[in-house]
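Notes to accompany the following structure.
Here it is in structure tokens:
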């Protein structure tokens, strides 16, 4: 008889049936393309995969297509230790095969470097750039506290990570406030009072809770994302400088000064180096997407995308 946990794992790995596999000169690539209209190329966070594009899937209703890929070692993209530059070369091959001329590159969190490398190396394939809490410069080591936390163990412990993945999903259902608070404590620089207010805001709101559940679902089970995460971390910690001098397209930057994961220095680097950008400073740290500025972020994103000339 299958225990609940095994059943969960089976349903959680269903994502492996989603999307398509394409052969490129550098190897296989797991991707998914949905919608009609200008293509938004979604670069997922860590851990993640093509399924993380669910966080912006409402943009399909706004008349856009969303293209997402799983990076090496995530879901069905086999693990090959590709540099950021090699990965974006592979993306351009994917676009050629799909007959997509240009895209809006969207870098989320650990997907930030890929969006920047893409826009910088292939300006002729880029309509615009969106960076949302995207890594853009030297990435600081997480603190001891983060590594020792439940979430640190979930990300780094090979033996029990799928069990912990399952525990995190159950905890969100049974003890939402406590679980969310433990996430905020490591992902934000907010004080106790502000964390409490944030937890209350999210726990009372179905849409925000749903967003968080969706996010957590795209990080588990860890076994099908682990190699990807390890590789992402290796690349993140090796960043010295990300080239951006060829980026001339309009850019939208959405960052929070209270972010404890992707620090404010990442926003400052882009402000100092990009030529044409719009910056939205938000509240809430690395969970800003469901903070008090949630609606502001959503409407800003749409307004920005509508301002781009797609021809």
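In this note's numbering, the protein residues as written are 49 to 359. Beta carbons are placed, not taken as given, at the ideal position from N, Cα and C, and that holds for glycine. Here the structure is a predicted model, which is why all the values come from computation and not from measurement.
Euclidean distance between Cα positions of residue i and residue j
i           : j           : result
residue 232 : residue 147 : 41 Å
residue 226 : residue 71  : 44 Å
residue 116 : residue 241 : 37 Å
residue 151 : residue 262 : 25 Å
residue 76  : residue 95  : 19 Å
residue 288 : residue 359 : 35 Å
residue 85  : residue 315 : 29 Å
residue 215 : residue 188 : 28 Å
residue 353 : residue 51  : 46 Å
residue 298 : residue 283 : 26 Å
residue 265 : residue 246 : 21 Å
residue 234 : residue 285 : 18 Å
residue 174 : residue 341 : 28 Å
residue 250 : residue 332 : 11 Å
residue 139 : residue 337 : 26 Å
residue 308 : residue 238 : 9 Å
residue 281 : residue 157 : 12 Å
residue 137 : residue 258 : 35 Å
residue 277 : residue 69  : 20 Å
residue 19  : residue 114 : Limits of the chain in this structure are 49 at one end and 359 at the other, which puts residue 19 out of reach.
residue 45  : residue 248 : As shown, the chain starts at 49 and ends at 359. That puts residue 45 outside it, with no answer to give.
residue 230 : residue 162 : 29 Å
residue 347 : residue 339 : 14 Å
Residue interval of the beta strand (DSSP E) (run including residue i)
i           : result
residue 326 : 325 to 330
residue 151 : 151 to 156
residue 270 : Residue 270 -> no beta strand (DSSP E), and no H or E assigned at all.
residue 174 : 174 to 180
residue 113 : 113 to 118
residue 87  : 87 to 91
residue 72  : 68 to 72
Residue range of the alpha helix (DSSP H) that includes residue i
i           : result
residue 254 : 254 to 265
residue 160 : 160 to 169
residue 82  : Note, residue 82: premise wrong, no alpha helix (DSSP H); beta strand (DSSP E) at 75 to 83.
residue 276 : 274 to 285
residue 140 : 132 to 145
Residue of the options minimising C-alpha distance to residue i
i           : options               : result
residue 180 : 91, 355 and 357       : 91
residue 330 : 159, 343, 138 and 184 : 343
residue 79  : 120, 109 and 61       : 120
residue 310 : 184, 137 and 62       : 184
residue 65  : 325, 326 and 272      : 272
residue 57  : 161, 217, 93 and 108  : 217
residue 97  : 87, 106, 124 and 88   : 124
residue 256 : 161, 335, 160 and 61  : 335
residue 177 : 312, 89, 111 and 328  : 89
residue 106 : 82, 63, 254 and 93    : 82
residue 274 : 210, 321 and 322      : 210
residue 268 : 87, 93 and 252        : 93
residue 160 : 323, 356, 324 and 300 : 300
residue 172 : 317, 318 and 144      : 144
Heavy atom of the ligand NAP within 7 Å of residue i beta-carbon
i           : result
residue 119 : Questions concerning the ligand NAP fall outside what the structure shown contains, since it holds no ligand whatsoever.
Inter-stretch contact (C-beta, 8 Å, three-pair minimum) for the segment 122 to 139 and the segment 292 to 308: no
Inter-stretch contact at 8 Å, needing at least 3 Cβ pairs: the segment 162 to 173 / the segment 284 to 304: yes
Start-end ranges of the beta strand (DSSP E) lying completely within the segment 288 to 343, minimum 3 residues: 299 to 304 and 325 to 330
Ranges of the alpha helix (DSSP H) found wholly within the segment 217 to 259, counting only runs of at least 4: 224 to 235 and 240 to 251
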